[in-house]
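Novice: This is the structure I want to talk about, given as structure tokens.
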Amino acid sequence: MLHAQYKRLLEKHGAQGWWPLNGQYNPGDYSHPKNEAQRFEICVGAILTQNTAWKNAEKALKEMIKQKLLSAEAITESPLQKLSAAIKPAGYYNQKAKKLKIFSKFFAETKKPEREQLLGLWGIGEETADSILLYAYKQPEFVVDAYTKRLFKLNKPYAEIKAMFENALPKDYRIYNEFHALIVAEGKRAAANSNRK
DNA sequence: AGCCAGGCTACCG
DNA sequence: CGGTAGCATGGC
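Residues 1200 to 1396 in our numbering are what the first sequence lists, from first letter to last.
Shown next, in the form of structure tokens:
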């Protein structure tokens, strides 16, 4: 049963304190984002970390802060060149700069996005949409990623896996938040173990 | 010194 | 439709 797995992982790793804001984790505190700036930072992080180690996404975020690019307005006004250069450490920087531009415009004109709206944006797929809804908007949307499929040996379409978790768990964004973060923690540990052998 | 990260799009058959 | 090449850097 998945809820038992959740408890097991929580005991094993402890609360993860997602989503990290400005490099800071807040275990057990599900009150973030506290303002629009934090909300936007989470969305940007979700895009920057696509198929990319969080460490690299974080470097890009830091550079954006340094260059005062971490706001929807700044991104919209920035030349594409400047933006892509700033996020270079996150990889796929040409694509991601474009994605950030498209998303920033959307963010500025949308109070609370629907999932379908997010999916309609170029550069936002299912996982990124759910990450944004869950971590930036506290909506109970379970996030499925590569670790989730690997850990539970699920070779099925995204929607099926998502439904499976959502049906097995209380519809509480805090649990979805923690569970996904724990799955990533466990997945990372598993990868580290198989490397040193 | 490769392999692979908290994916997505475009294109192929 | 399902499958896959391309996108790119940095950590280990």
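The beta carbon of each residue, even a glycine, is placed where N, CA and C say it ideally should be.
Does the beta-carbon of R1238 have 16 or more other beta-carbons within 10 angstroms, so that it is buried, or is it exposed?
Specialist: buried
Novice: For C1242 and L1279, I'd like the C-alpha separation in whole angstroms.
Specialist: 18 Å
Novice: If you scan the stretch 1219-1289 from start to end, which runs of the alpha helix (DSSP H) of 4 or more residues do you find wholly inside it?
Specialist: The qualifying runs are 1235-1247, 1253-1265, 1271-1276 and 1279-1285.
Novice: So the alpha helix (DSSP H) A1335 belongs to, where does it begin and stop?
Specialist: Neither: A1335 is in no alpha helix (DSSP H) and is coded neither H nor E.
Novice: Going along the chain, which residues of its own chain have a beta-carbon closer than 8 Å to the beta-carbon of I1382, five neighbours each way excluded?
Specialist: L1208, D1344, Y1346, T1347 and L1350
Novice: Note the first and the last residue of the continuous alpha helix (DSSP H) segment covering L1317.
Specialist: R1314 to G1319
Novice: Which residue wins for smallest C-alpha separation from M1200, given the options K1311, F1364 and E1262?
Specialist: F1364
Novice: Where does the unbroken alpha helix (DSSP H) through K1295 begin, and where does it stop?
Specialist: For K1295, the enclosing alpha helix (DSSP H) covers residues Y1292 to E1308.
Novice: Select from Q1294, T1327 and E1276 the residue whose C-alpha is nearest the C-alpha of K1304.
Specialist: When each option's Cα is compared against that of K1304, the closest is E1276.
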